[in-house]
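J.: Residue 1039 is where the sequence shown starts when you use the working numbering, and the numbers rise one by one after that. Mind having a look at this structure? Questions to follow.
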Amino acid sequence: MLMKFYSPLTAEFFPNEPDWEDESYNEYEGCQLNGHDLLQYADAVNEAVKKDIADFNGDLMQYYHEDDFVRRKVVSAVPSVEICGNKLCGCMNVELREPLNEGEQAALCDYISGQYSDGWGEGFEQRDIRVDDGTLAVHFWQEDGFKMTPSFEKIPKPGKNSLRPKMQLIGQDGNIFAIMGRASRLLKSSGQGDKAKEMRDRVMSCDSYQKALSIVSEYVETELSPSPTPKRDRGDAR
């Protein structure tokens, strides 16, 4: 199951050519933008988030240190942005092994809020996002009016001939154990726990980094995975 937590986005915008006669413009705070205003910059903000989280594989749960049911039920929590209700919103994509109860969901929301205010989000809002007409500083957390709204999406369990989960290798840190762990979590979350164990056993017994990457790419779809060969139509036989 994929659980998404939507929350407001705000920003300060510093135009390349400020209108100094506009009383709403502040030299130090720029122009204040809300989620609706940010729709025109959705692609730029999305790319900035992707680039920022690439440094740590995107999963904020690696910094969650409580040994509780949240830790056991949540596979990963990756920040992004999405258009929701005609606004650009913050979106935390949470993969679950099983549903959270009310208390566990509240604990997870507290953790995500903390990451937005004092953790990952605090660093992200200090990174300038260049757009055609100026610069943005985007906030995932606000002192007033901050609220997280959950939604759910079912991830179907794969059948015997299902497609492999997709995983990007570009931006990884070169640690085969981290890569193997991420691939293993993807396989488990898609109902392929037996494949995850088989992959780990093969990786641990190989003798080179490149061979290990090739093995991982047999179980999850990466840049190294071979493209499937299209079946030849009988009518093409010579």
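Ideal placement from N, C-alpha and C gives every residue a C-beta, glycine not left out. No experiment lies behind these values; they were computed from the predicted model shown.
Would you decide whether Q1230 is buried or exposed? Buried here means 16 or more other CB atoms lie within 10 Å of its CB.
T.: Burial call: buried.
J.: Is it a yes or a no for the stretch 1074 to 1083 touching the stretch 1103 to 1113, going by three-plus beta-carbon pairs under 8 Å?
T.: The stretch 1074 to 1083 vs the stretch 1103 to 1113: no contact.
J.: I'd like to know if K1111 contacts chain C, where contact means its C-beta is closer than 8 Å to some C-beta of that chain.
T.: Note that chain C does not occur in the displayed structure, where there is just one protein chain.
J.: Do you know how far the Cα of L1174 is from the Cα of F1162?
T.: Going by the C-alpha atoms only, they are around 11 Å apart.
J.: Identify whether Q1206 lies in helix, strand or coil by the three-state DSSP scheme.
T.: In the structure shown, Q1206 sits in coil (DSSP, three-state: anything other than H, G, I, E or B).
J.: Between which two residues does the beta strand (DSSP E) harbouring G1128 extend?
T.: Per DSSP, G1128 belongs to the beta strand (DSSP E) from 1126 to 1134.
J.: Would you decide whether R1238 is buried or exposed? Buried here means 16 or more other CB atoms lie within 10 Å of its CB.
T.: R1238 should be labelled buried.
J.: With the cut-off set at 8 Å, would you say V1112 and R1202 are in Cβ contact?
T.: The answer is no: Cβ separation not under 8 Å.
J.: Please confirm whether L1224 and M1205 have their CB atoms less than 8 Å apart.
T.: Yes, they are a contact pair.
J.: With distances taken Cα to Cα, identify the nearest neighbour of N1095 among V1116, R1109, R1110, A1080.
T.: Comparing Cα-Cα distances from N1095 to each of V1116, R1109, R1110, A1080, the minimum goes to V1116.
J.: Determine which residues share a DSSP beta bridge with Y1044 and list them.
T.: Looking at the DSSP assignment, Y1044 forms a beta bridge with C1129, T1187.
J.: Would T1187 be called buried (16 or more neighbouring beta carbons within 10 Å of its own) or exposed?
T.: Per the 10 Å Cβ criterion, exposed.
J.: Verify whether the separation of the beta carbon atoms of A1216 and V1254 is less than 8 Å.
T.: Not closer than 8 Å, so no.
J.: Could you spell out the range, first to last residue, of the beta strand (DSSP E) harbouring L1112?
T.: In the sequence as presented, Leu is not what sits at residue 1112; that position holds Val. That run of the beta strand (DSSP E) goes 1112 to 1121.
J.: So, with DSSP's three-state summary, where would you put V1176?
T.: Strand, per DSSP.
J.: Using beta-carbon positions only, say whether G1128 and Y1044 come within less than 8 Å of one another.
T.: A contact, by the Cβ cut-off of 8 Å.
J.: Rank F1184, D1171, E1136 by C-alpha distance to the C-alpha of F1051 and give the top, closest one.
T.: The shortest C-alpha separation from F1051 is found at D1171.
J.: Would you mind working out which of T1048, S1118, D1093 sits nearest I1150, comparing C-alpha positions?
T.: Nearest of T1048, S1118, D1093 to I1150, Cα basis: S1118.
J.: Roughly how many whole angstroms lie between the Cα atoms of D1166 and C1069?
T.: Cα to Cα, the separation comes out at about 14 Å.
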